[in-house]
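Visitor: This is the structure I want to talk about, given as structure tokens.
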Amino acid sequence: MGQFRDHARSYSARAAAYSVDLDHLAEGHTPPVMIITCSDARLVPALITGSRPGDLLELRTHGGTVPRFDPEDPSGEASTIEFAVEGLRIADIIVCGHSHCEAVNSAITERGESPPRRTTGDITAAGHWHVVQQLDVLSDYPCVAPRLIDGTLRLHAWFHEVDTGATLQHRPGANAFLPL
186 MGQFRDHARS YSARAAAYSV DLDHLAEGHT PPVMIITCSD ARLVPALITG
236 SRPGDLLELR THGGTVPRFD PEDPSGEAST IEFAVEGLRI ADIIVCGHSH
286 CEAVNSAITE RGESPPRRTT GDITAAGHWH VVQQLDVLSD YPCVAPRLID
336 GTLRLHAWFH EVDTGATLQH RPGANAFLPL
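Structure (structure tokens):
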């Protein structure tokens with residue numbers, strides 16, 4: 186815990202050294218991109234994307250799962266998505282899964298929620314499938330669908346390989362995850 190406390194104490198000095206304008210950040214934020222990813226501590230969106238404070242709005246959930254929109258049962262995740270899309274007018278949403286995901290593995294083995302037969306037992310392929318499914322769920326949100334239609338919002342499916350550091354992007358035409 187001490188290393189985290191020490192790092193937090195020295196943040197303002199480090200931010201100044203990296204030309205982070207803290208006064209500008211205090212005025213508000215207008216990140217152009219939102220990333221929805223797993224809460225797994227091995228995934229660090231800012232390190233993967235090279236983003237700086239104010240660049241990237243993060244939503245982290247177990248397995249990077251996007252809950253289905255339900256107006257009768259609002260969730261914190263849904264309100265974060267709505268805030269990003271309608272309030273901040275972000276232009277891109279990345280859903281980023283990762284290899285060795287315990288949430289995906291648990292969904293397959295314990296809950297019986299399996300991907301198509303060709304990927305059963307293959308956690309990487311199951312992870313790819315899971316990320317694409319989250320885009321489908323996200324595209325059904327009432328705030329997302331119209332912006333997809335008018336072209337002011339784009340959705341991206343990424344997959345980060347924890348063991349290699351590589352990040353792949355889903356290419357619908359090829360129905361495959363390929364290097365960015």
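All letters in the sequence shown, in the order written, are residues 186 to 365 by the numbering used here. Ideal placement from N, C-alpha and C gives every residue a C-beta, glycine not left out. In this text the structure is predicted, and so the values were computed from the model without any measurement.
Look at the alpha carbon of residue 349 and the alpha carbon of residue 284, and state the distance between them as a whole number of angstroms.
Guide: Here residue 349 is taken as the residue at index 164 of the sequence shown, counted from 1. Here residue 284 is taken as the residue at index 99 of the sequence shown, counted from 1. Rounded to the nearest angstrom, the two C-alpha atoms are 10 angstroms apart.
Visitor: Please report the distance separating the alpha-carbon of residue 346 from that of residue 188.
Guide: Position 161 of the sequence shown, counted from the first residue, corresponds to residue 346. Position 3 of the sequence shown, counted from the first residue, corresponds to residue 188. The straight-line gap from Cα to Cα measures roughly 27 angstroms.
Visitor: Judging by CA-CA distance, which residue of 318, 232 and 329 is the nearest neighbour of residue 263?
Guide: On the sequence shown, position 78 is the one that residue 263 refers to. Of the candidates 318, 232 and 329, the one whose C-alpha sits nearest the C-alpha of residue 263 is 329.
Visitor: Just list the beta strand (DSSP E) runs in the region 238-304, keeping only unbroken ones of 3 residues or longer that don't cross its boundaries, in chain order.
Guide: Segments of the beta strand (DSSP E) lying fully in the region 238-304: 241-246 and 277-283.
Visitor: Along the chain, where does the alpha helix (DSSP H) containing residue 316 start, and where does it finish?
Guide: As a position in the sequence shown, residue 316 is number 131, starting the count at 1. Where residue 316 is concerned, the enclosing alpha helix (DSSP H) stretches over 308-324.
Visitor: So the alpha helix (DSSP H) residue 435 belongs to, where does it begin and stop?
Guide: Nothing can be reported for residue 435: it is not among the residues displayed for the chain, which extend from 186 to 365.
Visitor: Taking only three categories from DSSP, how would you classify residue 209?
Guide: Numbered from its first residue, the sequence shown carries residue 209 at position 24. Residue state, collapsed to three classes: helix.
Visitor: How big is the Cα-Cα spacing for residue 331 and residue 194?
Guide: Walking along the sequence shown from the start, residue 331 turns up at place 146. Walking along the sequence shown from the start, residue 194 turns up at place 9. Each residue's alpha carbon lies about 44 angstroms from the other.
Visitor: Would you report the Cα separation of residue 265 and residue 286, rounded to the nearest angstrom?
Guide: Within the sequence shown, residue 265 is the residue found at index 80, counting from 1. Within the sequence shown, residue 286 is the residue found at index 101, counting from 1. Roughly 23 angstroms between the two C-alpha positions.
Visitor: What's the gap between the Cα of residue 360 and the Cα of residue 280?
Guide: One-based indexing of the sequence shown puts residue 360 at position 175. One-based indexing of the sequence shown puts residue 280 at position 95. Roughly 16 angstroms between the two C-alpha positions.
Visitor: Less than 7 angstroms between the C-beta atoms of residue 282 and residue 249, yes or no?
Guide: Counting from one through the sequence shown, the residue named residue 282 turns up at place 97. Counting from one through the sequence shown, the residue named residue 249 turns up at place 64. Result yes, Cβ atoms of residue 282 and residue 249 sit closer than 7 angstroms.
Visitor: Of all Cβ atoms in chain B, is any one closer than 7 angstroms to the Cβ of residue 186?
Guide: The displayed structure is made up of one protein chain only, and chain B is not part of it.
Visitor: Is there contact here, the region 238-245 with the region 208-218, by at least three beta-carbon pairs under 8 angstroms?
Guide: yes
Visitor: Verify whether the separation of the beta carbon atoms of residue 320 and residue 340 is less than 7 angstroms.
Guide: Translated into positions along the sequence shown, residue 320 becomes position 135. Translated into positions along the sequence shown, residue 340 becomes position 155. Cβ atoms of residue 320 and residue 340: closer than 7 angstroms.
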